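J.: Chains as they are written, first to last, in my numbering: chain A, 54 to 307; chain B, 229 to 515.
Each residue gets a CB set at the ideal place from its N, CA and C atoms; glycine is no exception.
Bear in mind that the values here come from a model prediction, so they are computed numbers and not experimental data.
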Amino acid sequence: MSAFTRAEVCTVAVADAFRGDGEILASSFGTVPAIGARLARLTFEPDLLMTDGIASLVADVRPVSGDAPGEPVVEGWLPFRAVFDLLWNGRRHVVMIASQIDRYGNHNFACIGDHARPKAQLLGMRGAPGNTISHTTSYWIPNHSRKTFVEKVDVVSGVGYDRAAKLGKQTSRFHEVRFVISNLGVFDFGGPDHAMRLVSVHPGVGVDEVVENTGFALAIEGDVPDTRAPSDEELRIIRETLDPAGARDNEVPS
Amino acid sequence: MDKRTTAAAVVAELRDGMTIGIGGWGSRRKPMALVREILRSPLKDLTLVSYGGPDVGLLCKAGKVKTVVYGFVSLDSIPLEPHFRAARQAGSIEAKELDEGMLQWGLYAAALRLPFLPTRAGLGTDVMTVNPHIATVRSPYADGEELVAMPAIHLDVALIHMNRADVRGNGQFLGPDPYFDDLFCMAATRRFMSCEKIVDTADLTKAGSFHTLKINRTMVDGVIETPNGAHFTECPPDYDRDEAFQKEYAATARDPAAWDAFARRYLACESEEAYQEAVKREAVRSR
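(1) Kindly list, in the order they appear in chain A, the residues whose Cβ is closer than 8 Å to that of B/Arg232.
(2) Would A/Leu175 count as contacting chain B if we go by Cβ distances under 8 Å?
(3) Using a Cβ-Cβ cut-off of 6 Å (strictly less than) and excluding sequence neighbours within five positions of B/Thr247, which residues of its own chain qualify?
(4) Determine the closest residue to B/Glu510 out of B/Phe473, B/Ala393 and B/Val358, with distance taken between C-alpha atoms.
(5) Would you kindly check if the distance between the Cβ of A/Ala181 and the Cβ of A/Ser152 is under 8 Å?
(6) Given a threshold of 16 other Cβ atoms within 10 Å of its Cβ, counted over all protein chains shown, does A/Lys205 qualify as buried or as exposed?
(7) Can a CB atom of chain A be found closer than 8 Å to the CB of B/Tyr407?
(8) Taking its Cβ as the centre, do 16 or more other Cβ atoms sit within 10 Å of A/Leu131, making it buried, or is it exposed?
(9) With H, G and I counted as helix, E and B as strand and the rest as coil, what does DSSP make of B/Lys272?
(10) Do B/Gln332 and A/Phe269 have their C-beta atoms within less than 8 Å of each other?
(11) Does any residue of chain A have a CB that is nearer than 8 Å to the CB of B/Thr353?
(12) How about A/Ser118: is its C-beta nearer than 8 Å to some C-beta of chain B?
(13) Extract the residue ranges of the beta strand (DSSP E) inside the segment 411 to 437 of chain B, only unbroken runs of 3 or more that lie entirely within it.
(14) Output the distance between the C-alpha atoms of B/Gly350 and B/Trp487, rounded to the nearest integer angstrom.
(15) For B/Ser269, I'd like the list of residues in its chain whose CB is within less than 6 Å of its CB, leaving aside the five on either flank, ordered along the chain.
(16) Between the C-alpha atoms of B/Glu505 and B/Phe490, what's the straight-line distance to the nearest angstrom?
(17) Which residues in chain A sit within 9 Å of B/Asp483, going by Cβ to Cβ distance?
(18) Please name the residues in the segment 252 to 263 of chain B whose beta-carbon is closer than 8 Å to at least one beta-carbon of chain A, in chain order.
(19) According to DSSP, which residues form a beta bridge with B/Met378?
(20) Just checking: is the beta-carbon of A/His168 within a distance shorter than 8 Å of some beta-carbon in chain B?
(21) Near A/Ile290, what residues of its chain come up, given a Cβ to Cβ distance below 8 Å and the 5 sequence neighbours on each side ignored?
(22) Which same chain residues end up closer than 6 Å to B/Met330 when comparing Cβ atoms and leaving out the 5 residues on each side of it in sequence?
(23) Do you know whose CA, among B/Ile362, B/Leu432, B/Ser422 and B/Met356, lies nearest B/His459's CA?
(24) Please name the residues in the segment 280 to 312 of chain B whose beta-carbon is closer than 8 Å to at least one beta-carbon of chain A, in chain order.
(25) With 8 Å as the C-beta to C-beta threshold (strictly closer), list the residues of the segment 140 to 172 of chain A near chain B in chain order.
(26) Measuring CA to CA, which of A/Gly158, A/Leu271, A/Pro306 and A/Ala79 is closest to A/Ala112?
(27) Below 6 Å CB to CB, which residues in the same chain sit around A/Ala298 once its five sequence neighbours on both sides are set aside?
(28) In or out: B/Asp409 buried (at least 16 other Cβ within 10 Å) or exposed?
(29) Check distances from the C-beta atoms of the segment 367 to 380 of chain B to those of chain A and list, in chain order, the residues that come in under 7 Å.
(30) So what does DSSP say about B/Phe473, is it helix, strand or coil?
(31) Run through DSSP, which three-state label would A/Gln223 get?
(32) Rounding to the nearest angstrom, what Cα-Cα distance links B/Leu335 and B/Ala386 in this structure?
(33) Distance cutoff 8 Å, beta carbons only. Does B/Gly350 sit that close to anything in chain A?
(34) Spatial neighbours of A/Leu101 within its chain, please: C-beta separation below 6 Å, excluding the five flanking residues on both sides.
(35) With distance defined between alpha-carbon atoms, name the residue in A/Thr224, A/Ser225 and A/Phe82 nearest to A/Val67.
(36) Compare the Cα-Cα distances from B/Pro455 to each of B/Asp470, B/Ile426, B/Arg418 and B/Asp394 and report the closest residue.
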């Protein structure tokens, strides 16, 4: 097994979040998620759809950094209006960045502080409310700390499991927060009442380091395994095909 | 009918307190020449409805705005619009923050002259608490599902920018995305379309297939030819975003002296022509 970086472990963890998704739109925000989604498509999820980030569905997998070879092969037109239709239709899995997340997966990237007069205006609600009530969502948090993993988010832009439960089975039937991937580990919502559970810690990270940097009590069951290491083939694809310029290292320094 | 008019005539129709919808998306194909004309006017207390970009930032910074209805306000290559952020953090504007799809639904409801359209988007989030005027509705059918009743967003005026148009008010987008400009027009009482170039009707389909004729003349009251009128936002294939200019604009949020210089250089121009001259002059100087 080759040596690998933390960013590469995170990339593979994001790719694994798309496992089993089949023929849906894979949307990703952030550098590591962009590489991870493409890695999934080039390996075990060849039917995933992806956009160029503008309005084209592209049939070939484009690199995230470095010089792209030639023009993309366009397989469809997906302007914003069609994106909204598609996401309400449900055939999508999005990986969004969270500025804050709580134990039930309530998500905030709208603003910090009181919404009427925020300390910091961030992205706004964007598509998070519609995404989270309509299709599978995962989160990428490159800076795991007590400021990002919080007891209570300042504003709820993405629906968590406690709020989904209050909406009832009928309304929340398309809600799924599948994974949270941070620079320290991988989490799901398999704890009591869909509380956040530590699935794995990245190689070199201790469970105590995760607990120390999390602002609420995580569900932890028995011995927590390491996040799986990238295979040699995955490392080759990440390094040579998808991110030859090493953009991933800017997001998750080694 | 010849609907050609001028930016000055359009803005002369506007009144304090009006609700103005602005087409485009983020820092993409915004009717910036019309926005600049508003900046030159004494208008105030406006409600803006926008997939927001520098249109919102500039009007907030200039003190023209009371309320913004939006899903986001972004410069795209600079994710957070700094002047909008400053206004939010100073508490100087009222924010009606929506999910992006809810905003479309509100415009579509107004376009179809319906009181609301149902959606799941917003349920379970603080969209519902920060917008207490938005109610839910129960499906009258067997499912009985409770949904958001997204209220119609009626506009007094819609402002959009197209690549090409004819004098009768047919409009053509030649870039990758029509955005929601047709809905902005259909949701509005008065509708104004600026464009890069006015062409003969017969020439419209020479520039692009009839699928690009998203705006028809029932949707438009006035047409204004404003070459480079989306500057500094992108307007492909006519031109890309002026990233250097946008960077300079964004940096003025951190430095009052830089804002004063920017405003003197570009916003104090007496006309759109003078603005375009100033942009050219400064671009040459910094080269």
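T.: Let's see:
(1) The contacting residues do not exist; B/Arg232 stays about 29 Å from chain A at best.
(2) So, interface residue.
(3) Same-chain partners within the cutoff: Thr275, Leu383 and Asp384.
(4) The candidate whose alpha carbon is nearest that of B/Glu510 is B/Phe473.
(5) Going by C-beta atoms, A/Ser152 is not nearer than 8 Å to A/Ala181.
(6) Classification for A/Lys205: exposed.
(7) Yes, B/Tyr407 lies at the interface with chain A (some Cβ there is under 8 Å from its Cβ).
(8) Label assigned to A/Leu131: buried.
(9) Correct three-state label for B/Lys272: coil.
(10) No, Cβ-Cβ distance for B/Gln332 and A/Phe269 is not below 8 Å.
(11) Yes - at least one Cβ of chain A is within 8 Å of the one on B/Thr353.
(12) Closer than 8 Å: no.
(13) Secondary structure in the segment 411 to 437 of chain B: the beta strand (DSSP E) runs of 3 residues or longer, each lying completely within the stretch, are 416 to 426 in chain order.
(14) Their backbone Cα atoms lie some 37 Å apart in a straight line.
(15) Answer for B/Ser269: Val239, listed in chain order.
(16) B/Phe490 has its alpha-carbon roughly 14 Å from the corresponding atom of B/Glu505.
(17) Contact of B/Asp483 with chain A by beta-carbon distance below 9 Å is absent, the smallest such distance being about 19 Å.
(18) Residues passing the 8 Å Cβ filter: Trp253.
(19) In the DSSP output, where bridge partners are listed per residue, B/Met378 has B/Leu345.
(20) Yes, A/His168 lies at the interface with chain B (some Cβ there is under 8 Å from its Cβ).
(21) For A/Ile290, where only same-chain residues beyond five positions count, the Cβ hits under 8 Å are Leu92, Leu95 and Thr96.
(22) Within the same chain, B/Met330 has close Cβ partners Ala349, Gly350 and Met378.
(23) Sorting B/Ile362, B/Leu432, B/Ser422 and B/Met356 by C-alpha distance to the C-alpha of B/His459 places B/Ser422 at the top.
(24) So the list reads Tyr298, Gly299, Phe300, Val301, Ser302, Pro307, Leu308 and Phe312, given in the order they occur along the chain.
(25) Answer in chain order: Leu140, Trp141, Ala163, Cys164, His168, Ala169, Arg170, Pro171 and Lys172.
(26) If we check each option's Cα against that of A/Ala112, A/Ala79 comes out closest.
(27) Excluding sequence positions up to five before and after A/Ala298, its CB lies within less than 6 Å of the CB of Ser118 and Gly119, all in the same chain and listed in chain order.
(28) With 16 or more other Cβ atoms within 10 Å, it is buried.
(29) Result list: Asp371, Glu373 and Glu374.
(30) Of the three classes helix, strand and coil, the one that applies to B/Phe473 here is helix, per DSSP.
(31) Shown here, A/Gln223 sits in coil according to DSSP, grouped into three states, outside any helix or strand.
(32) So the two alpha carbons sit approximately 11 Å from each other.
(33) Taking 8 Å as the CB threshold, B/Gly350 lines the interface with chain A.
(34) Within the same chain, Ala79 and Arg94 come within 6 Å of A/Leu101 by CB-CB distance, once the 5 residues on both sides are set aside.
(35) It is A/Phe82.
(36) Ranking the options by Cα distance to B/Pro455, first place goes to B/Ile426.
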